[in-house]
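This report refers to the structure that appears directly beneath it.
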Amino acid sequence: GENVEQHPSTLSVQEGDSAVIKCTYSDSASNYFPWYKQELGKRPQLIIDIRSNVGEKKDQRIAVTLNKTAKHFSLHITETQPEDSAVYFCAASLAGTYKYIFGTGTRLKVLA
Amino acid sequence: DSGVTQTPKHLITATGQRVTLRCSPRSGDLSVYWYQQSLDQGLQFLIQYYNGEERAKGNILERFSAQQFPDLHSELNLSSLELGDSALYFCASSGLAGKNEQFFGPGTRLTVL
């Protein structure tokens, strides 16, 4: 069935280093891939997204890459800061339904 | 603030009881989605409504039901509550076809004792 795998489940980096989170989706019909950041006890917030007709998208320190052939996409955060510490979720959206299938989340800790 | 509102913020109840969670989408959004997030877990998709009609269903238990009203607000009804139903319940909304972005509400924290 529909599935999104996300790795790693936890990630610790030193402040200023880069962080990479990877997701793999199963349904080749998926055409929209958002990333959400969730701080403890708060709502998930959209931080960046990419559509299937684009290979890469960047917004300041955050970038997302998509490999449709391999059915995987990645979140890259450069120059990490303590406020980047949160849980990050990837998702894949099924074309025609707009239903999201979320990955299991990555807890990112940025060590000062 | 995403523009999506949810009430109540917190709900404490006992096993076997029934509760109703309410969600108001962003102005103009036609789709409403419900998610369950158990402690330190991911976001489990429950159900989606679009302009009053059920559009997609996830792993929603038979004890749970939802509806979207003509003014587009939505309610999630949870009955015969069990301890394992304790979780954060999020509502999200999105706009017209072609706009995939979902905006999440602040959530309702349900505690079943």
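The listed protein sequences derive, respectively, from chains Z and V.
Last residue of the first sequence: 124 (the numbering used here), numbering continuous.
Last residue of the second sequence: 1560 (the numbering used here), numbering continuous.
Ideal placement from N, C-alpha and C gives every residue a C-beta, glycine not left out.
Values in this document were obtained by computation on a predicted structure and should not be read as measured data.
- By the Cβ neighbour-count rule, V:ASN1524 is exposed, with fewer than 16 other Cβ atoms within 10 Å of its own.
- Around the beta carbon of V:PHE1516, a 10 Å sphere encloses fewer than 16 other beta carbons of the protein chains shown; the residue is thus reported as exposed.
- Looking at the DSSP output, Z:PRO20 bridges to nothing.
- Counting only runs of at least 3 residues, the segment 44-95 of chain Z fully encloses the following beta strand (DSSP E) elements, listed from N- to C-terminal order: 57-63, 68-71, 74-79, 84-89.
- Within the same chain, Cβ atoms closer than 6 Å to the Cβ of Z:THR22 are found at ARG119, the five residues on either side in sequence being excluded.
- Counting only Cβ-Cβ distances below 9 Å, V:ASN1547 has contacts in chain Z at ASN43, TYR44, PRO46, ASP61, ARG63, SER105, TYR110, TYR112, in chain order.
- In the structure shown, V:LEU1468 adopts extended strand secondary structure according to DSSP, grouped into three states.
- Taking a beta-carbon distance threshold of 7 Å, Z:THR116 counts as an interface residue toward chain V.
- For V:GLN1514, no CB of chain Z lies under 7 Å from its own CB, so it is not counted at the interface with that chain.
- Excluding residues up to 5 positions away in sequence, THR77, LEU78 lie with their Cβ nearer than 7 Å to the Cβ of Z:GLY67 in the same chain.
- Chain V places no beta carbon closer than 7 Å to that of Z:ARG73, leaving this residue out of the contacts.
- Secondary structure note for V:LEU1557: its beta strand (DSSP E) is the uninterrupted segment 1555-1559.
- In the structure shown, V:LEU1458 adopts extended strand secondary structure according to DSSP, grouped into three states.
- Residue pairing of Z:ILE33 in beta bridges, as defined by DSSP: Z:LEU87.
- Contact annotation: V:LEU1557 and V:SER1526 have beta-carbon atoms that are not nearer than 7 Å.
- Sequence-ordered contacts of the segment 1466-1489 of chain V with chain Z read SER1478, TYR1480, TYR1482, GLN1484, ASP1487, GLN1488, GLY1489 [C-beta pairs closer than 9 Å].
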